[in-house]
Amino acid sequence: MHTAPAFRPFAARGRWTIVAILVTLAAVSCGSVVLSIRATARSQHRAGVVVVAARQRTLAERYVKEVLLVRAGEQADPALTASLLDKSAHVLLAGGEAPSVNGDDDETALLPTSGRTVRAQLTQQQRLVRDLAATGSAILAHRPLSGVRLLAGEHVAARDPVERLRVLAALTANVALNAARTIATTSDRNVNQLITLQATVGGVGLLISLLLAWALVATTRRQTAHFRSLVTSSTDLVMVFRGARCRYVSQSVLRMLGRGEGELLGEGFSGLLHPDDRAHLAAMLASGEPAELVLRILNRFNEWRHLDAHVTDLRHDRHVRGIVLNARDVSERVRLEEELTRQAFHDGLTGLANRALFRDRLDQALARSVRSQELMSVLLVDLDGFKQVNDTLGHDSGDQLLQAVARRFDEVVRPADTLARLGGDEFALLLDGAGEAQAESVARRLIESVSKPLELDGRELSVNASVGVVVHLGGHGESDELIRHADIAMYAAKDAGGGAHRIFRASMAQEYGDMLELEHELRDAIERGELTLHYQPEIDLNSRRVVGVEALVRWESPRRGLVSPGEFIPVAEATGLIMPLGEIVLRDACRQTAQWRRDGLAGDSFVTWVNLSGRQLSAGGVSDIVRHALDEAGLPPSFLGLEVTETAIVPEGAAGDRARAELQELHDQGVRIAIDDFGTGFSSLGQLRRFPIDVIKVDRSFVQGIEHDARDAAITANLVTLAHALGLLAIAEGIESGGQLASVRELGCDLAQGFLFARPVPADELGKVLADGDFSSLIDAPAGVG
Amino acid sequence: MWRARAHIELACVAVTAAALCLALSGCGVATRAGAQPAARSVRVTERDFRISGPRTLTAGNVRLDVENQGPDQHELLVARVGGSATLPLRSDGLTVDEERIQAAEVGSLEPGAPGARRQLNLRLAPGRYVLFCNMSGHYLGGMHLDLVVR
Ligand SMILES: [Cu+2]
Numbered sequence: 113m114h115t116a117p118a119f120r121p122f123a124a125r126g127r128w129t130i131v132a133i134l135v136t137l138a139a140v141s142c143g144s145v146v147l148s149i150r151a152t153a154r155s156q157h158r159a160g161v162v163v164v165a166a167r168q169r170t171l172a173e174r175y176v177k178e179v180l181l182v183r184a185g186e187q188a189d190p191a192l193t194a195s196l197l198d199k200s201a202h203v204l205l206a207g208g209e210a211p212s213v214n215g216d217d218d219e220t221a222l223l224p225t226s227g228r229t230v231r232a233q234l235t236q237q238q239r240l241v242r243d244l245a246a247t248g249s250a251i252l253a254h255r256p257l258s259g260v261r262l263l264a265g266e267h268v269a270a271r272d273p274v275e276r277l278r279v280l281a282a283l284t285a286n287v288a289l290n291a292a293r294t295i296a297t298t299s300d301r302n303v304n305q306l307i308t309l310q311a312t313v314g315g316v317g318l319l320i321s322l323l324l325a326w327a328l329v330a331t332t333r334r335q336t337a338h339f340r341s342l343v344t345s346s347t348d349l350v351m352v353f354r355g356a357r358c359r360y361v362s363q364s365v366l367r368m369l370g371r372g373e374g375e376l377l378g379e380g381f382s383g384l385l386h387p388d389d390r391a392h393l394a395a396m397l398a399s400g401e402p403a404e405l406v407l408r409i410l411n412r413f414n415e416w417r418h419l420d421a422h423v424t425d426l427r428h429d430r431h432v433r434g435i436v437l438n439a440r441d442v443s444e445r446v447r448l449e450e451e452l453t454r455q456a457f458h459d460g461l462t463g464l465a466n467r468a469l470f471r472d473r474l475d476q477a478l479a480r481s482v483r484s485q486e487l488m489s490v491l492l493v494d495l496d497g498f499k500q501v502n503d504t505l506g507h508d509s510g511d512q513l514l515q516a517v518a519r520r521f522d523e524v525v526r527p528a529d530t531l532a533r534l535g536g537d538e539f540a541l542l543l544d545g546a547g548e549a550q551a552e553s554v555a556r557r558l559i560e561s562v563s564k565p566l567e568l569d570g571r572e573l574s575v576n577a578s579v580g581v582v583v584h585l586g587g588h589g590e591s592d593e594l595i596r597h598a599d600i601a602m603y604a605a606k607d608a609g610g611g612a613h614r615i616f617r618a619s620m621a622q623e624y625g626d627m628l629e630l631e632h633e634l635r636d637a638i639e640r641g642e643l644t645l646h647y648q649p650e651i652d653l654n655s656r657r658v659v660g661v662e663a664l665v666r667w668e669s670p671r672r673g674l675v676s677p678g679e680f681i682p683v684a685e686a687t688g689l690i691m692p693l694g695e696i697v698l699r700d701a702c703r704q705t706a707q708w709r710r711d712g713l714a715g716d717s718f719v720t721w722v723n724l725s726g727r728q729l730s731a732g733g734v735s736d737i738v739r740h741a742l743d744e745a746g747l748p749p750s751f752l753g754l755e756v757t758e759t760a761i762v763p764e765g766a767a768g769d770r771a772r773a774e775l776q777e778l779h780d781q782g783v784r785i786a787i788d789d790f791g792t793g794f795s796s797l798g799q800l801r802r803f804p805i806d807v808i809k810v811d812r813s814f815v816q817g818i819e820h821d822a823r824d825a826a827i828t829a830n831l832v833t834l835a836h837a838l839g840l841l842a843i844a845e846g847i848e849s850g851g852q853l854a855s856v857r858e859l860g861c862d863l864a865q866g867f868l869f870a871r872p873v874p875a876d877e878l879g880k881v882l883a884d885g886d887f888s889s890l891i892d893a894p895a896g897v898g
Numbered sequence: 018m019w020r021a022r023a024h025i026e027l028a029c030v031a032v033t034a035a036a037l038c039l040a041l042s043g044c045g046v047a048t049r050a051g052a053q054p055a056a057r058s059v060r061v062t063e064r065d066f067r068i069s070g071p072r073t074l075t076a077g078n079v080r081l082d083v084e085n086q087g088p089d090q091h092e093l094l095v096a097r098v099g100g101s102a103t104l105p106l107r108s109d110g111l112t113v114d115e116e117r118i119q120a121a122e123v124g125s126l127e128p129g130a131p132g133a134r135r136q137l138n139l140r141l142a143p144g145r146y147v148l149f150c151n152m153s154g155h156y157l158g159g160m161h162l163d164l165v166v167r
């Protein structure tokens with residue numbers, strides 16, 4: 113906005129108006145003076161004419177007297193009087209010095225007489241003066257008057273010369289006085305006209321001046337109003353500063369801030385500015401250089417308003433005498449920008465920093481550390497069993513849990529620390545200047561903060577968190593490396609059973625580094641569906657028929673080739689990937705079994721066994737997942753068996769109790785339960801009785817040695833006996849030779865499974881195996897043959 | 018002179034307001050009432066120092082159109098005279114004694130400026146009249162005209 117004119121209501125047009133007023137008044141004054149002078153001159157002239165005309169009468173009468181005196185022999189000089197008459201008559205007409213008559217008369221200066229009528233009268237007077245003088249001379253010379261030729265048209269009837277002379281004198285005096293009277297009346301009239309003219313000129317001048325002044329005032333008022341309306345109605349914010357003090361703020365400023373003028377004028381304005389902006393504004397006001405600056409100022413509600421201001425120096429403008437700030441309220445734009453920035457660098461769910469911002473902060477901290485050699489710690493936090501919550505309670509609950517956890521974490525950290533959510537249930541924390549002890553303390557507090565029950569949809573639940581800590585000792589460092597190390601430490605924590613923290617050690621890198629890599633690939637594999645199920649038949653050694661299958665997960669990695677479950681299942685368990693993996697296995701197994709059933713390949717006693725990991729059990733919610741899988745496939749529960757490890761169901765405490773309760777629940781509904789790797793754990797028989805179990809599985813390690821190792825044979829025998837004593841079935845797995853088969857049969861095993869019968873095969877191939885169905889020849893073959 | 022000027026300026030101030038009104042209202046033109054229609058119009062001319070006009074007229078209403086051809090001012094008086102054609106003079110011996118002929122005077126025009134044209138309505142009965150100018154010396158200077166009305 114161009115401000116300057118707004119502050120100059122008297123500029124340009126106004127100045128010319130003032131000049132016009134002054135010129136008019138001056139012209140009127142000059143006119144008046146000129147008219148006055150002329151009027152005065154005329155009065156003087158009139159007075160002179162009257163005096164001289166009156167003197168003509170005196171002279172004419174004296175001339176008559178002197179002629180009579182001379183004729184009577186007395187002493188007189190009529191000729192002089194005649195010449196005075198003639199001279200005066202000439203002066204009256206043509207102007208000049210009228211002669212003095214008695215010596216005591218003033219000489220009177222006259223102007224030439226103007227006006228046709230008066231000039232005619234005075235010319236006639238001249239003629240009459242000459243007629244008078246001629247007549248007088250003729251009388252004195254005793255010449256007959258008939259010889260005197262009269263010039264002025266007189267027809268004097270009188271015969272008496274003296275009477276004739278007196279008539280002529282009377283005519284002379286009369287015409288002179290008439291002329292004087294005419295001059296007097298015309299100049300009176302003129303003076304009146306002059307006065308009228310003067311008054312008119314003065315009046316008109318005054319009128320014009322008044323009109324101009326009125327126009328000026330109107331213009332000024334209009335311009336002022338215009339300026340005011342510009343300033344007040346426009347959204348432009350205008351402030352005028354003199355020195356550091358605010359002298360003027362427009363209405364729009366008051367409106368924007370919701371504050372009164374009193375709060376802003378003087379020092380008030382600066383007081384409401386953001387402390388960071390005060391020095392900047394002060395510098396701008398001191399220099400007056402045209403500049404753009406952004407100011408933050410508190411409004412009535414103590415919110416920051418952002419002003420985009422332009423500085424104009426009008427200190428030398430006498431209408432302003434200050435520095436003008438034209439500003440726009442850009443708060444909305446700034447807010448939008450901040451919001452966009454926040455969205456780009458913050459996690460939408462929890463409001464915490466996101467991965468990008470965390471990386472940025474970490475990079476900055478590392479850069480500082482190169483110089484300052486300052487310590488820092490990075491903590492990675494993963495929630496144990498979060499997936500479970502997400503799947504059993506729904507995504508909304510999962511989101512709420514994450515938000516609740518974020519709040520808990522936020523209470524633990526200092527404002528200076530950067531708490532971020534990297535994705536999923538993974539959080540990160542950057543502690544500037546924190547060494548190992550401090551980082552451990554924070555890690556403990558983080559774990560503790562979420563172990564206290566969280567309220568979620570009216571349910572209370574607690575979460576375990578695993579924390580990996582890496583300490584950077586100052587100097588050069590790579591953020592990637594730090595995060596990777598923290599990740600490894602976190603695996604170590606998870607590997608230790610979760611709910612704990614571990615500090616990264618160089619020795620962990622080897623141990624967990626490979627695992628980490630495998631995890632990433634496994635995660636991708638699950639998403640891409642690279643994991644498939646193979647099924648291995650289980651044979652009833654009495655009926656010699658296939659009574660079930662064990663579902664075995666198989667990972668054909670494009671990079672690694674076939675990956676052994678023994679290799680990736682521990683990783684999946686340590687990282688929590690076992691949850692999605694286990695679910696996939698359950699779903700697929702149930703669906704496939706239902707299909708076989710529909711195809712008539714699976715009889716009523718057929719059971720598909722699925723392995724449940726200890727992690728899955730301890731996380732809770734497994735019964736829901738199982739039921740869901742069964743429902744989805746439309747499979748009766750009795751067709752599904754769950755193989756659980758001894759270690760998963762033995763632990764005391766909440767996790768163990770929950771696992772057992774869930775298994776019991778499933779068992780009650782008809783789901784079969786088998787104890788896998790029985791005998792490797794340390795469960796007591798007493799505990800075993802409390803478990804809802806149908807089958808005991810004899811671990812392959814015993815089967816492998818059963819032929820040659822008496823101890824393995826003895827253990828196997830005991831296990832079978834125990835199973836039967838408890839009313840359970842015993843199944844031997846890993847049967848690879850006829851000898852092994854013979855041995856387990858001998859020891860009383862009810863069921864068997866192994867390469868001897870069939871390798872694990874894809875579902876479609878298994879169909880054939882089931883259709884063939886009879887392993888009699890194999891089982892009845894003598895031992896050692898195979 | 019200062020006094021005269023002060024006077025003028027005082028007048029100037031005093032008249033200002035009036036002049037404003039005057040200037041705004043414009044000059045009114047007075048309408049002259051129509052003169053009474055005369056039966057006859059007779060031309061009479063005055064000049065230094067003679068009166069020209071008809072010497073005889075019939076009785077009745079007559080309007081004299083009087084023109085002063087100058088150069089001096091002139092008046093016009095009309096008096097009915099008896100036997101004598103000369104009029105009585107005042108003691109100065111220069112002007113007619115108007116008081117003595119007052120009864121005989123039938124009409125008059127005040128002194129008029131050179132170039133002026135004026136009318137004088139008369140009801141003339143049969144008789145002898147004199148038209149004359151009685152400014153100082155004019156009568157004796159030749160400004161008289163005898164008129165006979167029948
Ligand atoms: Cu006359």
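Protein sequence lines, in the order shown, are assigned to chains A and B.
Quick note, the working numbering runs 112 ahead of the 1-based positions in the first sequence.
Quick note, the working numbering runs 17 ahead of the 1-based positions in the second sequence.
All residues carry an ideal CB built from backbone N, CA and C; glycine is no exception.
- Taking the C-beta atoms as reference points, A:Gln852 is found nearer than 8 Å to A:Ile818.
- Listed by position along chain B, the residues whose Cβ is nearer than 7 Å to that of A:Thr235 are Pro88.
- Those residues of the region 122–150 of chain B placed with their C-beta closer than 7 Å to a C-beta in chain A are Ala130, Pro131, Gly132, ordered along the chain.
- Per the C-alpha coordinates, the member of A:Leu689, A:Thr644, A:Leu407 positioned closest to A:Asp876 is A:Thr644.
- The C-beta of A:Asp569 has fewer than 16 other C-beta atoms within 10 Å across all chains shown, which makes the residue exposed.
- Annotated as proximal: A:Thr284 and A:Gln168, with beta-carbon spacing under 8 Å.
- The nearest non-hydrogen atom of ligand 1 is less than 7 Å from the C-beta of B:His91.
- The beta carbon of B:Asp65 falls within 8 Å of a beta carbon belonging to chain A, placing the residue at that interface.
- By the rule that beta-carbons nearer than 8 Å mark a contact, A:Val279 touches chain B.
- If you check the C-beta of B:His155 against ligand 1, you find a heavy atom less than 7 Å away.
- Against chain A, a Cβ distance below 9 Å from B:Gly154 picks out Glu266, Val268, Arg278, Val279, Leu280, Ala281, Ala282, Leu283, Thr284, Ala285, Asn286.
- Under the three-state reduction of DSSP, A:Cys142 is assigned to helix.
- A:Glu744 and A:Ala618 have their alpha carbons spaced roughly 47 Å apart.
- At least one C-beta of chain A is nearer than 8 Å to the C-beta of B:Gly158.
- Where A:Gln648 is concerned, the enclosing beta strand (DSSP E) starts and stops at 643–652.
- An exposed status is given to A:Lys564, since fewer than 16 other beta-carbon atoms sit within 10 Å of its beta-carbon.
- When 8 Å is used as the limit between beta carbons, A:Thr129 is near no residue of chain B, the shortest such separation being about 21 Å.
- DSSP places A:Arg228 within a helical segment (H, G or I) once states are collapsed to three.
- In this structure, B:Cys150 has its beta carbon less than 7 Å from a heavy atom of ligand 1.
- Sorting A:Glu444, A:Thr331, A:Val432, A:Arg278 by C-alpha distance to the C-alpha of A:Asp420 places A:Glu444 at the top.
- Residues of chain B whose Cβ lies closer than 7 Å to the Cβ of A:Asn290 are, in chain order, Asp89, Gln90.
- By DSSP's assignment, A:Met602 forms no beta bridge with any residue.
- Within chain A, the residues whose beta carbon sits less than 8 Å from that of B:Leu111 are Arg278, Val279, Ala282, listed in sequence order.
- Within chain B, the C-beta atoms nearer than 7 Å to that of A:Glu275 come from Gly110, in chain order.
- Restricted to the region 785–871 of chain A, the beta strand (DSSP E) segments that are unbroken, complete and at least 3 residues in length are 807–810, 841–844, listed in chain order.
- If you check the CB distance, A:Met602 and A:Gly580 come in under 8 Å.
- Beta-bridge partners of A:Pro874 (DSSP): A:His646.
- Scanning chain B for C-beta atoms nearer than 9 Å to the C-beta of A:Ala139 yields nothing, as the closest lies near 15 Å away.
- Nearest CB-CB separation between A:Ala232 and chain B: below the 8 Å threshold.
- The three-state secondary structure of B:Gln136, taken from DSSP, is strand.
- Pairing A:Thr170 with A:Thr298, the inter-Cα distance amounts to about 24 Å.
- Taking the C-beta atoms as reference points, A:Ile690 is found nearer than 8 Å to A:Arg727.
- For A:Thr294, the nearest beta carbon of chain B is closer than 8 Å to its own beta carbon.
- Considering only A:Ile737, A:Ile600, A:Pro748, the residue with the shortest C-alpha distance to A:Thr687 is A:Ile600.
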